[in-house]
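Numbering (our numbering), first residue to last: 553 to 969.
Glycine is no exception: its CB is placed at the ideal position from the N, C-alpha and C atoms.
Fair warning: this is a prediction, and the values are worked out from it, not measured in the lab.
Here the structure is laid out as structure tokens; the discussion comes afterwards.
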């Protein structure tokens with residue numbers, strides 16, 4: 553059981569750069585190097601705030617795009633809206649060609665409002681209301697059915713819809729060493745095959761696609777390879793009379809790790825370049841993808857696209873010595889960085905001119921400015937802090953902003969540079 557942080561003293565380190573692989577900071581915004589570009593953006597708004605380096609965001613998208621282009625003639629990247637709504641609302645990824653991946657009616661309406669046509673929306677998630685399903689059917693979205701009950705509802709709703717429905721199935725693979733998913737139709741126990749057969753029994757209907765999504769931050773390409781292999785088996789033998797199952801899309805989801813530190817729950821951590829994950833997937837699906845009438849391969853990256861590009865910036869309000877260390881209070885709060893529990897936090901101190909503090913580090917505990925006793929954002933080494941310094945948290949782009957409630961203070965703005 554984890555020991556609760558005691559903010560009245562400097563705690564044992566749980567964060568800091570000792571957790572990092574070599575070259576870690578090469579993947580993230582450099583406030584010192586890009587002072588002229590990032591400084592004006594940072595100084596025109598009060599902290600705390602999230603700062604997005606749009607160059608890194610675009611480069612991550614292009615990395616996935618290039619990896620797909622090498623291995624699949626037909627592909628699409630559907631950005632996972634829930635990972636960071638501000639990025640979706642900026643339209644930056646949409647302008648690069650990204651589709652929208654949504655998991656609720658609210659997110660679906662957001663995607664449509666941002667200009668995504670129904671044909672470029674992937675509608676996932678375990679809870680879709682009938683009115684939301686009917687709208688998505690009408691607008692030509694790709695709906696991935698989560699379970700048999702939802703499939704029967706979709707089939708009933710389809711009777712009122714006379715267009716060409718794009719209805720696919722979410723499937724799941726039980727893999728050794730990977731915790732089973734609660735989402736989707738099992739490939740192992742026949743659920744997925746039975747759902748395919750049910751759809752084929754309806755005149756004029758066949759599965760538009762198959763969708764499989766591994767858990768987030770799956771760092772072993774072998775897991776993607778094994779999952780894709782199970783999907784390939786269904787494609788080879790899941791069609792009429794045990795023959796080939798023809799689908800228009802294969803969606804292998806996301807879950808690809810970005811360049812952040814090892815999650816606290818992992819004993820080992822070896823994230824690979826994005827191309828290795830794409831190669832693992834396409835290598836197993838190549839027989840299906842090679843057909844002239846083969847499917848479009850869809851990937852749904854979220855964390856990989858946004859985690860590196862965004863930093864959380866707070867300002868030091870006060871710093872005082874405590875024993876051989878220091879207690880630092882900043883204007884941010886732990887509710888603004890709710891994923892502090894997920895992995896070690898990486899933070900660096902900068903002067904107000906964005907020059908890094910380089911003095912010898914002290915054991916430090918960084919406290920938030922809420923009235924919570926356990927509002928601890930960081931516990932690890934930092935140079936001596938001075939009021940007015942910027943404390944910058946790295947690898948902050950995935951889920952922090954989306955999960956942050958307006959608790960006591962307004963939600964931090966998200967600025968793009």
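Pairwise C-alpha distance: residue j and residue i
i, j, result
"residue 700", "residue 790", "17 Å"
"residue 638", "residue 966", "7 Å"
"residue 615", "residue 872", "44 Å"
"residue 843", "residue 653", "26 Å"
"residue 911", "residue 935", "5 Å"
"residue 663", "residue 858", "18 Å"
"residue 640", "residue 940", "32 Å"
"residue 870", "residue 882", "7 Å"
"residue 716", "residue 799", "14 Å"
"residue 918", "residue 945", "11 Å"
"residue 605", "residue 698", "35 Å"
"residue 724", "residue 784", "13 Å"
"residue 709", "residue 685", "8 Å"
"residue 726", "residue 667", "37 Å"
"residue 600", "residue 964", "6 Å"
"residue 554", "residue 768", "Residue placement at residue 554 cannot be trusted, given a pLDDT of 40 that sits under 50; what the coordinates show is reported in the next sentence. Using only the alpha carbons, I get a separation of about 22 Å."
"residue 584", "residue 608", "16 Å"
"residue 592", "residue 678", "43 Å"
"residue 792", "residue 893", "48 Å"
"residue 949", "residue 914", "27 Å"
"residue 734", "residue 764", "12 Å"
"residue 907", "residue 937", "13 Å"
"residue 830", "residue 646", "21 Å"
"residue 660", "residue 683", "12 Å"
"residue 943", "residue 900", "6 Å"
"residue 612", "residue 807", "14 Å"
"residue 729", "residue 898", "28 Å"
"residue 617", "residue 626", "11 Å"
"residue 775", "residue 594", "40 Å"
CB contact check: residue i to chain C, cutoff 8 Å
i, result
"residue 804", "No chain C appears in this structure, which consists of one protein chain only."
CB contact flag (residue i, residue j, <8 Å)
i, j, result
"residue 718", "residue 695", "yes"
"residue 802", "residue 837", "yes"
"residue 766", "residue 805", "yes"
"residue 887", "residue 956", "yes"
"residue 586", "residue 932", "no"
"residue 960", "residue 602", "no"
"residue 904", "residue 878", "no"
"residue 816", "residue 895", "yes"
"residue 828", "residue 773", "yes"
"residue 620", "residue 851", "yes"
"residue 854", "residue 642", "no"
"residue 675", "residue 693", "yes"
"residue 788", "residue 796", "yes"
"residue 707", "residue 754", "yes"
"residue 713", "residue 689", "yes"
"residue 572", "residue 809", "no"
7 Å CB neighbourhood of residue i in its chain, flanking five on each side removed
i, result
"residue 624", "834, 841, 849"
"residue 557", "Summary for residue 557: the model assigns pLDDT 46, below 50, so the residue's position carries little reliability, and this model does not support an answer."
"residue 951", "635, 891"
Enclosing alpha helix (DSSP H) for residue i [first to last residue]
i, result
"residue 642", "637-642"
"residue 776", "773-789"
"residue 828", "826-841"
"residue 916", "Where residue 916 is concerned, there is no enclosing alpha helix (DSSP H), although the beta strand (DSSP E) it sits in stretches over 914-919."
"residue 954", "952-955"
"residue 683", "682-691"
"residue 590", "587-595"
"residue 752", "743-752"
"residue 706", "700-710"
"residue 858", "855-858"
Residues near residue i in its chain [Cβ-Cβ closer than 6 Å; skip 5 each side]
i, result
"residue 846", "840"
"residue 780", "833, 836, 837"
"residue 580", "860, 946"
"residue 570", "none"
Inter-residue CB distance, residue i and residue j (contact presumed, cutoff 8 Å)
i, j, result
"residue 902", "residue 884", "15 Å between Cβ atoms; not a contact."
"residue 737", "residue 721", "6 Å"
"residue 771", "residue 823", "5 Å"
"residue 596", "residue 969", "About 11 Å separates the two Cβ atoms, so there is no contact after all."
"residue 745", "residue 786", "7 Å"
Residue range of the unbroken beta strand (DSSP E) whose run includes residue i
i, result
"residue 811", "Unbroken run through residue 811: none, as it is neither H nor E."
"residue 882", "877-882"
"residue 903", "Premise fails: residue 903 is in no beta strand (DSSP E) and is neither H nor E."
"residue 657", "Taken as a continuous stretch (DSSP letters only), residue 657 belongs to no beta strand (DSSP E), being part of the alpha helix (DSSP H) at 657-665."
"residue 721", "719-724"
"residue 871", "862-874"
"residue 851", "848-851"
Residues near residue i by beta carbon distance below 8 Å, same chain, minus five either side
i, result
"residue 610", "644, 648"
"residue 954", "634, 635, 636, 637"
"residue 921", "869, 881, 882, 883, 884, 885, 927, 961"
"residue 811", "576, 579, 580, 823, 859, 860, 947"
"residue 565", "915, 931, 932, 933"
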